[in-house]
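Peer 1: Protein sequences, first through last, are from chains Y and U. Residue numbers for the first sequence follow the working numbering, so the first one is 826 and each next one is one higher. Residue numbers for the second sequence follow the working numbering, so the first one is 826 and each next one is one higher. We put the CB at the ideal spot given by N, CA and C, even for glycine. Here the structure is a predicted model, which is why all the values come from computation and not from measurement.
2 protein chains.
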Amino acid sequence: MSKVTCDMAVSVDGYTAGLNQRLDAPFGDVDDVLTRWMFEAPEENAEERAAIVAAGAFIMGRNMFSPDRGAWDLDWTGWWGDEPPYHAPVFVLTHHEREPITMQGGTVFHFVTGGVHEAMRLARAAAGDRDVAIAGGAATVNQFLAAGLIDELRLHVAPVLLGRGERLFEGIDRIDLVPAGVRRTDLVTHLRYQVARA
Amino acid sequence: MSKVTCDMAVSVDGYTAGLNQRLDAPFGDVDDVLTRWMFEAPEENAEERAAIVAAGAFIMGRNMFSPDRGAWDLDWTGWWGDEPPYHAPVFVLTHHEREPITMQGGTVFHFVTGGVHEAMRLARAAAGDRDVAIAGGAATVNQFLAAGLIDELRLHVAPVLLGRGERLFEGIDRIDLVPAGVRRTDLVTHLRYQVARA
Chain Y
826 MSKVTCDMAV SVDGYTAGLN QRLDAPFGDV DDVLTRWMFE APEENAEERA AIVAAGAFIM
886 GRNMFSPDRG AWDLDWTGWW GDEPPYHAPV FVLTHHEREP ITMQGGTVFH FVTGGVHEAM
946 RLARAAAGDR DVAIAGGAAT VNQFLAAGLI DELRLHVAPV LLGRGERLFE GIDRIDLVPA
1006 GVRRTDLVTH LRYQVARA
Chain U
826 MSKVTCDMAV SVDGYTAGLN QRLDAPFGDV DDVLTRWMFE APEENAEERA AIVAAGAFIM
886 GRNMFSPDRG AWDLDWTGWW GDEPPYHAPV FVLTHHEREP ITMQGGTVFH FVTGGVHEAM
946 RLARAAAGDR DVAIAGGAAT VNQFLAAGLI DELRLHVAPV LLGRGERLFE GIDRIDLVPA
1006 GVRRTDLVTH LRYQVARA
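1. For A983 of chain Y, write down the residues that DSSP places opposite it in a beta bridge.
2. Ignoring anything shorter than 4 residues, give me the alpha helix (DSSP H) runs that lie fully in the stretch 938-977 of chain U, in order along the chain.
3. Within a Cβ cutoff of 8 Å, which residues of the same chain sit near A842 of chain Y, ignoring the five residues on either side of it in sequence?
4. Is there a Cβ of chain U sitting closer than 9 Å to that of R1022 of chain Y, yes or no?
5. Report the option in Y:L986, Y:P925, Y:V982 and Y:H920 whose CA atom is closest to the CA atom of A913 of chain Y.
6. Let me make sure I understand the geometry here. Which of Y:T932, Y:M863 and Y:A882 has the alpha-carbon closest to that of R874 of chain Y?
7. Considering R861 of chain U, what are the terminal residues of the alpha helix (DSSP H) in which it resides?
8. Reducing DSSP to helix, strand and coil, say where D1001 of chain Y ends up.
9. For the stretch 969-1000 of chain Y, which residues have a beta carbon sitting closer than 7 Å to at least one beta carbon of chain U?
10. Going along the chain, which residues of the stretch 831-842 of chain U sit with their C-beta nearer than 8 Å to a C-beta in chain Y?
11. Within a Cβ cutoff of 8 Å, which residues of the same chain sit near L1024 of chain Y, ignoring the five residues on either side of it in sequence?
12. Our contact map puts L848 of chain U next to P892 of chain U with C-beta atoms below 8 Å; I'd like the distance itself, whole angstroms only.
13. Assuming A951 of chain Y and I884 of chain Y are in contact, meaning their beta carbons sit under 8 Å apart, how far apart are those beta carbons, in whole angstroms?
14. Tell me the residue span of the beta strand (DSSP E) that contains A882 of chain U.
15. To the nearest angstrom, how far is the alpha carbon of A1076 of chain Y from that of V982 of chain Y?
16. Using the rule of at least 16 other Cβ atoms within 10 Å of the residue's Cβ for burial, across every protein chain shown, is L986 of chain U buried or exposed?
17. Does any residue of chain Y have a CB that is nearer than 9 Å to the CB of S1011 of chain U?
18. So R1022 of chain U is in the alpha helix (DSSP H); what residue range does that whole segment cover?
19. Since L1016 of chain Y meets chain U, which of its residues come closer than 7 Å, beta carbon to beta carbon?
20. Would you please verify whether the beta carbon of P867 of chain Y is less than 9 Å from any beta carbon of chain U?
21. The alpha helix (DSSP H) spanning E908 of chain Y covers which residue range?
22. Would you report the Cα separation of A871 of chain U and R999 of chain Y, rounded to the nearest angstrom?
23. Scan the stretch 910-926 of chain Y for residues whose Cβ lies nearer than 9 Å to a Cβ of chain U and list them as they occur along the chain.
24. Taking only beta-carbon atoms, is G1006 of chain U less than 9 Å away from chain Y?
25. Check F852 of chain Y in the structure and name its three-state DSSP category.
26. DSSP beta-bridge partners for G1006 of chain U?
27. Could you check if D838 of chain U is buried or exposed, using at least 16 other CB atoms within 10 Å of its CB as the buried criterion?
28. Which residues in the same chain have their Cβ closer than 7 Å to the Cβ of L1029 of chain Y, if we skip the five residues on either side of it in sequence?
29. Using a Cβ-Cβ cut-off of 9 Å, state whether L947 of chain U counts as contacting chain Y.
30. Note down, in chain order, every chain U residue with its Cβ under 7 Å from the Cβ of V1003 of chain Y.
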């Protein structure tokens, strides 16, 4: 059966980004420490990199698509260039209606104003028998966790304590997990958990 | 050379205890999920259990010794019974002077009113060429981390998101770590990091 996955790159103290995220600084006041493993050791982490974009549909928050909180810049189509790595429908949670954007390579950004359950319904329909992935950011993941909508949590833990920034796992109640795997490379520790069903 | 270690049992979201810690509930409003690995799978986790109490001297916060924030209960000698597992000097950070308490098996509780640096000086002197261990709780670990006084951080991550409680890693600035080991058993994932020196 298809499942809902969530991959997040985090610091050891649970931050997914620094403060002051901007269009020219998606991780805010933090260097690339959280994602260095993806770019400096792609082969060593090939399995986890591939899993991140293996889903049949994706859901992300508005800030993951664009951190500009004002009006939409209609020329902006995300951080990922003309051919984003998703190659599938991506449902962006927002309060502002917008026409879909079709990118090269099969990525289509859809904009959903009806909240997490509507986004999940649309993403499941689009994914068919493939997985749905919650792509971030932290606030969006927290919403889906709180709603009990994530089956598998994959944390990619960078060896750093950041001390401040955007924190994963805020505003949730207790959730029991089942360890499903762990793998360490020099730049990251990959932790995989199944989310126990209440 | 001897080093300063720190073992902490934490949830995936970084909590070391729930709220409302009391004499009859050292982990507060949380069951034994954080320490189940120690008691339900002692052999499987024997190596990590042994390392926790291998130091030549220990430092702990007042609340780790006794969460009663009022006057000292002079009959209270900690959670650990007549023969605590430390078998070495334990320096308890406090604002209140108190005579040392000698327990069976070599554990002696000393009470230090001069702060983290004085406690470290006394513990190093007592440990000789053996390691010094920061035994918790979270607030004490955070103080020693912020002061740059920890060399090796060993996190024992229980498979649970608690959502609230006493959080490790509050009030620190950025600290770079070096992954030194990872091992998973059914009830816990052991992560070991060296703390990079600025």
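Peer 2: From the atom records:
1. Within the first sequence, the letter at position 158 stands for residue 983 of chain Y. BP columns for A983 of chain Y point to Y:S836.
2. Counting only runs of 4+ residues, the alpha helix (DSSP H) found wholly inside the stretch 938-977 of chain U occupies 941-952 and 963-971, in chain order.
3. Locating residue 842 of chain Y in the first sequence gives position 17, where the first residue counts as 1. P851, F852, G853, V855, L859, G962, A963, G990 and E991, listed in sequence order.
4. Walking along the first sequence from the start, residue 1022 of chain Y turns up at place 197. By this cut-off, R1022 of chain Y is not an interface position.
5. For this step, residue 913 of chain Y is matched to residue 88 along the first sequence. For A913 of chain Y, the closest of Y:L986, Y:P925, Y:V982 and Y:H920 by C-alpha to C-alpha distance is Y:P925.
6. As a first step, residue 874 of chain Y is located in the first sequence; it is residue number 49 there, counting from the start. Of the listed residues, the one whose Cα sits closest to R874 of chain Y is Y:M863.
7. Taking the first residue of the second sequence as position 1, residue 861 of chain U is located at position 36. Boundaries of the alpha helix (DSSP H) around R861 of chain U: R861 to E865.
8. By one-based count along the first sequence, residue 1001 of chain Y stands at place 176. DSSP places D1001 of chain Y in strand when its eight states are reduced to three.
9. For the stretch 969-1000 of chain Y, the residues whose beta carbon sits under 7 Å from a beta carbon of chain U are, in order, P984, V985, L986, L987, G988, F994, I997, D998, R999 and I1000.
10. Listed by position along the chain: V837, D838 and G839.
11. Residue 1024 of chain Y is absent from the structure shown; chain Y starts at 826 and stops at 1023.
12. Here residue 848 of chain U refers to the residue found at position 23 of the second sequence. Here residue 892 of chain U refers to the residue found at position 67 of the second sequence. Indeed, because the Cβ distance is near 6 Å, the residues count as touching under 8 Å.
13. On the first sequence, residue 951 of chain Y is found 126 positions in, with the first residue counted as 1. On the first sequence, residue 884 of chain Y is found 59 positions in, with the first residue counted as 1. At roughly 10 Å, the Cβ-Cβ gap does not stay under 8 Å, so A951 of chain Y and I884 of chain Y are not in contact.
14. Reading the second sequence from its first residue, position 57 is the one you call residue 882 of chain U. That run of the beta strand (DSSP E) goes A882 to G886.
15. Residue 1076 of chain Y falls outside the range modelled here, since chain Y spans only 826 to 1023, and no answer is possible.
16. On the second sequence, position 161 is the one that residue 986 of chain U refers to. Flag for L986 of chain U reads buried.
17. Within the second sequence, the letter at position 186 stands for residue 1011 of chain U. According to the sequence displayed, residue 1011 of chain U carries Asp and not Ser. Yes, D1011 of chain U counts as interfacial toward chain Y.
18. Within the second sequence, numbered from 1, the residue matching residue 1022 of chain U stands at position 197. R1022 of chain U -> no alpha helix (DSSP H), and no H or E assigned at all.
19. Residue 1016 of chain Y sits at position 191 when you count from the first residue of the first sequence. The contacting residues are T1014.
20. Within the first sequence, residue 867 of chain Y is the residue found at index 42, counting from 1. Judged by the 9 Å Cβ criterion, P867 of chain Y is not in contact with chain U.
21. In the first sequence, the residue the question calls residue 908 of chain Y occupies position 83. Premise fails: E908 of chain Y is in no alpha helix (DSSP H) and is neither H nor E.
22. The residue given as residue 871 of chain U occupies position 46 in the second sequence. The residue given as residue 999 of chain Y occupies position 174 in the first sequence. Those two C-alpha atoms are separated by around 28 Å.
23. none
24. As a first step, residue 1006 of chain U is located in the second sequence; it is residue number 181 there, counting from the start. Yes - at least one Cβ of chain Y is within 9 Å of the one on G1006 of chain U.
25. By 1-based counting over the first sequence, the position of residue 852 of chain Y is 27. Coil.
26. Here residue 1006 of chain U refers to the residue found at position 181 of the second sequence. Looking at the DSSP assignment, G1006 of chain U forms a beta bridge with U:R1017.
27. For the purposes of this step, residue 838 of chain U is taken as residue 13 along the second sequence, with counting starting at 1. It counts as buried.
28. Only positions 826 to 1023 of chain Y appear in this structure, which leaves residue 1029 of chain Y out of reach.
29. If you number the second sequence from 1, residue 947 of chain U lands on position 122. Output row for L947 of chain U: interface = no.
30. Taking the first residue of the first sequence as position 1, residue 1003 of chain Y is located at position 178. Going along chain U in sequence order, the residues near V1003 of chain Y (Cβ under 7 Å) are P984.
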